[in-house]
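Asker: Please read through the structure below; I'll follow up with questions.
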Amino acid sequence: LWGRIGSNIRAEELEASAELLEQRGIHRFGPAGGAQACGETGPGRMLEPEELVQRAAELGYRALAITDVGSLAGVVRAHAAAKEAGLKLIVGAEIQPRNGPPLVLWATDRASYGRLSRLITRGRRRADKGDYQLTRADLDQELDDCLCLLIPSPLVEDEASWRQTLDEQVDWLQDRFAGRCWLAVHK
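So the sequence shown is numbered by this note's numbering: it starts at 11 and just counts up by one.
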């Protein structure tokens, strides 16, 4: 199950999905209290990378995946904390190519981390500060050994059209990430 903000999923459906994931041993880290970017204090502050690692270690995790949208922000701090905690860190980024579906890309080693970093840098250099701009063509190169998760759009009324689009996206990704691509299933 996968709930995405902005995907027209109702709050109660998202909460039910999160509860089901927790029943299956997957934990979510809610917002923390403290100073927020808006200047207010209270619940809603995102956990810092070191705090995420610490919480995962407290829960007995052996590994933690950290992803950001169009960025690898916080990875260096998370890496240092994970090394200290003896926790395997899985580094990735969610990207949205202009002419393609949203994807999560994970690095499997130092070389693939470098390739993922170059992809994000290329996208950021094309856009205004704070944004990035990538296309499908950018994924045609340099992503050897990266893993990929396709996040399909929610089912629409025209199911036949939705399935055709999804089939095309899966075919496109299989050509680029043969044996290294998965499909996120959401309800």
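From the three backbone atoms N, C-alpha and C, an ideal C-beta is built for every residue, glycine too.
(1) Identify which residue in A170, D185, D168 and L159 has its Cα closest to the Cα of V195.
(2) Quick check on L69: buried or exposed, where buried means 16 or more other Cβ atoms within 10 Å of its Cβ?
(3) Need the endpoints of the alpha helix (DSSP H) that G133 sits in, please.
(4) Measure the Cβ-Cβ separation of G80 and G124 and say whether it is below 8 Å.
(5) Less than 6 Å between C-beta atoms, sequence neighbours within five positions excluded: which residues of the same chain meet that for R108?
(6) Spell out the partners DSSP gives G102 in its beta bridges.
(7) Using the Cβ count rule (16 or more neighbours within 10 Å means buried), how would you classify P59?
(8) Alpha carbon to alpha carbon, what distance is there between A121 and A73?
(9) Less than 8 Å between the C-beta atoms of L113 and I161, yes or no?
(10) Note the first and the last residue of the continuous beta strand (DSSP E) segment covering L157.
(11) Take every Cβ of the stretch 167-177, pair it with every Cβ of the stretch 95-109, and state whether three or more of those distances are shorter than 8 Å.
(12) How big is the Cα-Cα spacing for L82 and S127?
(13) What does the alpha-carbon distance come out to for the pair V180 and G140?
(14) With the cut-off set at 8 Å, would you say T118 and D155 are in Cβ contact?
(15) Do you know offhand how far W116's Cα is from D168's?
Answerer: The relevant details are as follows:
(1) L159
(2) exposed
(3) Where G133 is concerned, the enclosing alpha helix (DSSP H) stretches over R120 to R135.
(4) no
(5) T145
(6) T77 and W116
(7) buried
(8) 20 Å
(9) For the 8 Å CB-CB criterion, L113 and I161 form a contact.
(10) L157 to L160
(11) no
(12) 7 Å
(13) 29 Å
(14) yes
(15) 32 Å
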